[in-house]
Amino acid sequence: MSDYRKLAEKTRALTETLEALADIEEREAKGEVVSDNEGLLLLGKLTALIMDLQKGI
Numbered sequence: 001m002s003d004y005r006k007l008a009e010k011t012r013a014l015t016e017t018l019e020a021l022a023d024i025e026e027r028e029a030k031g032e033v034v035s036d037n038e039g040l041l042l043l044g045k046l047t048a049l050i051m052d053l054q055k056g057i
């Protein structure tokens, strides 16, 4: 697999995680109760993806 393809996959995963965090933020803004675990899980995933992306650049 090419380096560009790997970078594209990592970027896609990062984007999906950010979109999921934005969805949580919007749900909370509408008054929906969102579990802390859901947000923390996504933040952990985001951190891991950023660290992985830094290694690959």
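Residues 1 to 57 in my numbering are what the sequence shown lists, from first letter to last.
Each residue gets a CB set at the ideal place from its N, CA and C atoms; glycine is no exception.
Please read all numbers here as calculations on a predicted model, not as lab measurements.
Alpha helix (DSSP H) segment containing residue i, residue limits
i: Leu10; result: For clarity, residue 10 is Lys in the given sequence; the question names Leu instead. Element bounds for Lys10: Asp3 to Ala29.
i: Glu32; result: Glu32 -> no alpha helix (DSSP H), and no H or E assigned at all.
Close Cβ partners of residue i (< 7 angstroms) along its chain, the five nearest in sequence each way excluded
i: Thr17; result: Leu42, Lys45, Leu46 and Leu49
Expected contact under 8 angstroms - CB spacing of residue i and residue j to nearest Å
i: Leu53; j: Leu14; result: 6 angstroms
Same chain, Cβ closer than 6 angstroms to residue i, five either side skipped, listed in chain order
i: Arg27; result: Val34
Contact set for residue i: own chain, Cβ-Cβ below 8 angstroms, skip 5 residues either direction
i: Lys10; result: Leu49, Asp52, Leu53 and Gly56
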